[in-house]
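Accompanying notes for the structure given below.
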Amino acid sequence: MARQRLLGSILARVGAQVRRNYRSSFVHGTRLEYVSYSSPRNMMQAPPIVVMHDLNLSSASWRHVALNLSQSGLRQVITVDARNHGLSPYITGHSPMHLAADVEALMSHQSLNKIVALGHGMGGRAMMTLALTQPQLVERVILVDITPAPVPSNFYLTRQVFEMMLQVAPSIPSNLSLSEGRTFILPIFQDVVHDATELRRIIYNLRKMQDNTFGWAVNPQAVLSSWGDMMINYEATLGGLRPYMGEVLLIAGSQSEFVTTTSIAVMQRYFPNTVVQILDAGHCVYEDQPEQFVELVVEFTQTCLVC
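Residue numbers (the UniProt record's numbering): 1 to 307.
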């Protein structure tokens, strides 16, 4: 009963969509946590593959695939925790421009002139933005189940989930252990999130803080502050940028609704040299079909355009 009252209160307080027109031409990047994967066969003079994960995930979700990519291909692989995710700083601003600036800051810190920009979902929009605003920094682009077109209508539920995350964490009794806290919130989110994989990701993002309160491995408030720019009006934030003329590989999941004939047409306006590969997978293509995914990326990056 207490959980039902809590859920009703949360849903009643879920506000209107965050709408904000982002027009700043410059934002400051922040220092990201990253993991580097390399093997003796890598061509160290070739631009590395820099990977940014999707919303509500972290670089840890790419560990297995990144290791295989570095061992099977000719490129070093660098996976990052996006700002407000994982071990990277919790900081205001979470627009595609902010995320792209963070990748640029990482490149500066690592003395990288160019990269292969690989991004999934949210990370894909960061890498699209980097390629469109700073094309001289990007040798190639690899996008995983994302285009500049609007995301599927059923994905907007995620905004509601982030609103719930803000409300739920303070309500968890501080005397509960982490596992007990996860058990406590499970029925609350089960009423809203019906996909088992997505539900598990939300529950396991819960963290026990040093002061015994509960928090998240993602910063819900920062994500919500840029929800319009990132998820709803992304194409509008591109504001007449010239197309990126480099090579682009779009790897989509056949069981996902993120990439369609319509969204591919939108993609072609900004990335005219796009090749589309569709695998038997959902939105997390690299998890559902890791071997095929690695094969596609290795083949796409086996030649160096700037070496």
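Glycine included, C-beta positions come from ideal geometry on N, C-alpha and C.
- By the Cβ-count criterion, R125 is buried, with 16 or more other Cβ atoms from all chains shown falling within 10 Å of its own Cβ.
- When the five nearest sequence neighbours on each side are left out, the beta carbons in the same chain lying within less than 8 Å of the beta carbon of M43 are those of L74, R75, C304 and C307, in order along the chain.
- Excluding the 5 residues flanking it on each side, L250 has same chain C-beta neighbours closer than 6 Å at L143, T274 and V276, in chain order.
- Here the alpha carbon of H53 sits roughly 9 Å from the alpha carbon of H85.
- With 16 or more other CB atoms across the displayed protein chains lying within 10 angstroms of its CB, Q289 is buried.
- Per DSSP, G123 is one residue of the alpha helix (DSSP H) stretching across M122 to T133.
- Nearest to Q221 by alpha-carbon distance, out of Y90, V141 and P40, is Y90.
- From the listed residues T261, S39, V141 and Q134, the smallest Cα separation to V51 is found for V141.
- S225 sits in a helix when the DSSP states are folded into three classes.
- In terms of Cα proximity to P40, the closest of V77, H28 and G29 is V77.
- DSSP places Q190 inside the alpha helix (DSSP H), whose first and last residues are L178 to Q190.
- The beta-carbon separation of S59 and T30, rounded to 15 Å, does not stay under the 8 Å limit for a contact.
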